[in-house]
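Just so we're aligned: 13 in the UniProt record's numbering is position 13 of the sequence shown, and the numbers increase by one with no gaps anywhere.
The beta-carbon is built from N, C-alpha and C at its ideal position, and this holds for glycine as well.
Just so it is clear, the structure is predicted and the values come from calculations on it, not from any experiment.
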Amino acid sequence: MLSIRLALLGPPGVGKGTYSSILSKELRIPHLSTGELLRREISMKTELGREVESYVSRGLLVPDKIVNDIVAKRLCASDCANGFILDGYPRTLPQAVFLEEHFPLDKVVLLQASLETIIERICGRLYCPNCGETYHVSWKPPKRDNICDKCGAKLTRRTDDSPEVIKRRYEEYLATVSPVVDFYKKLGKLVPFRAEGDSQILAYSLLRELSSSRTEILVEK
1 MLSIRLALLG
11 PPGVGKGTYS
21 SILSKELRIP
31 HLSTGELLRR
41 EISMKTELGR
51 EVESYVSRGL
61 LVPDKIVNDI
71 VAKRLCASDC
81 ANGFILDGYP
91 RTLPQAVFLE
101 EHFPLDKVVL
111 LQASLETIIE
121 RICGRLYCPN
131 CGETYHVSWK
141 PPKRDNICDK
151 CGAKLTRRTD
161 DSPEVIKRRY
171 EEYLATVSPV
181 VDFYKKLGKL
191 VPFRAEGDSQ
201 ILAYSLLREL
211 SSSRTEILVE
221 K
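Okay, here's the thing in structure tokens:
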């Protein structure tokens, strides 16, 4: 098995989770969502988890140092020996610098989409509060209107899935990610990828692009 370390960057709603899941399955490396890692620490009531909860409960951003420690602990696990896919990390320049010093990436994929596309995707999302299954009114609708196919519960939308909130989050993302993008661009590791269209189909196009890079990485190593 070839080894590759990836990170996927992109605005909320661009499809990072979908792309990461497909790449994880095809490349046989773990998909690590920062949000899930933080929630896991909280649920396990670890010391780091209690620190995370103290910030989250007040609506504050978790400091880079804490996020770095949680991610580093997960990357030291045996299933990451042959590579990994980071989803939602690094978000800031200090996080990127930390990662490069301790767990240097091979490639960083920058998923790009217009604000209009992001709004369409997010505003059409539906969630099952019971089993967690996700749907979309346009390209993944439930068989029965507003009813979960898996468990039969009534589907809902997130209260912050409004155009105004999405626009603000998109602008905040652009301001935050810019130094990270520049950092990886200078290192020659950035892979810009236009994520307009069906994420399922585009993910395999990205996979083909990365497969070529993967061979180059092996030769370099």
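Original post:
DSSP state of ILE217, grouped into three classes?
Top reply: Reading the sequence shown from its first residue, position 217 is the one you call residue 217. Residue confidence for ILE217 is low, a pLDDT of 45 falling below 50, so the modelled location carries little weight and cannot support an answer.
Subject >> Nearest to GLY83 (by Cα), restricted to the options LYS167, SER24, ASP182 >> reply: Position 83 of the sequence shown, counted from the first residue, corresponds to residue 83. Among LYS167, SER24, ASP182, the Cα nearest to that of GLY83 belongs to SER24.
Original post:
Cα separation between VAL67 and SER178?
Top reply: By 1-based counting over the sequence shown, the position of residue 67 is 67. By 1-based counting over the sequence shown, the position of residue 178 is 178. The alpha-carbon atoms of VAL67 and SER178 are separated by roughly 19 Å.
Original post:
Since GLY83 sits in a beta bridge, which residues does DSSP pair it with?
Top reply: Your numbering for residue 83 matches position 83 in the sequence shown. ILE4, per the DSSP bridge assignment.
Subject >> Test item: CB-CB of ILE29 and CYS76 under 9 Å >> reply: For the purposes of this step, residue 29 is taken as residue 29 along the sequence shown, with counting starting at 1. For the purposes of this step, residue 76 is taken as residue 76 along the sequence shown, with counting starting at 1. Going by beta carbons, ILE29 and CYS76 fall outside the 9 Å limit.
Original post:
So, is ARG121 buried or exposed, given that buried needs 16 or more other C-beta atoms within 10 angstroms?
Top reply: As a working mapping, residue 121 is identified with position 121 in the sequence shown. Looking at its Cβ environment, which holds 16 or more other Cβ atoms inside 10 Å, ARG121 is buried.
Original post:
What did DSSP end up calling VAL109 once you bin it into helix, strand or coil?
Top reply: By 1-based counting over the sequence shown, the position of residue 109 is 109. DSSP places VAL109 in strand when its eight states are reduced to three.
Subject >> N- and C-terminal bounds of the beta strand (DSSP E) containing PRO104 >> reply: Here residue 104 corresponds to residue number 104 of the sequence shown, with the count starting at 1. Neither: PRO104 is in no beta strand (DSSP E) and is coded neither H nor E.
**OP:** Would you kindly report the start and end of the unbroken beta strand (DSSP E) that includes ARG74?
**Re:** If you number the sequence shown from 1, residue 74 lands on position 74. No beta strand (DSSP E) holds ARG74; the alpha helix (DSSP H) holding it covers 64–75.
Original post:
Among ARG58, LEU38, SER57, GLY59, which residue has its Cα nearest to the Cα of GLY49?
Top reply: For the purposes of this step, residue 49 is taken as the residue at position 49 of the sequence shown. For GLY49, the nearest C-alpha among the options comes from LEU38.
Original post:
When the Cα atoms are used, what is the spatial distance from residue 236 to ASP149?
Top reply: Shown here, the chain extends from 1 to 221; a query on residue 236 therefore has no answer.
Subject >> THR134: first and last residue of the uninterrupted beta strand (DSSP E) it sits in >> reply: Counted from its first residue, the sequence shown places residue 134 at position 134. It spans 134–136 - the beta strand (DSSP E) in which THR134 sits, taken as one unbroken run.
Original post:
With burial defined as no fewer than 16 other Cβ atoms inside 10 Å of the residue's Cβ, what is the status of GLU220: buried or exposed?
Top reply: On the sequence shown, position 220 is the one that residue 220 refers to. Note on GLU220: pLDDT 46, under 50, position unreliable in the model; no value is reported.
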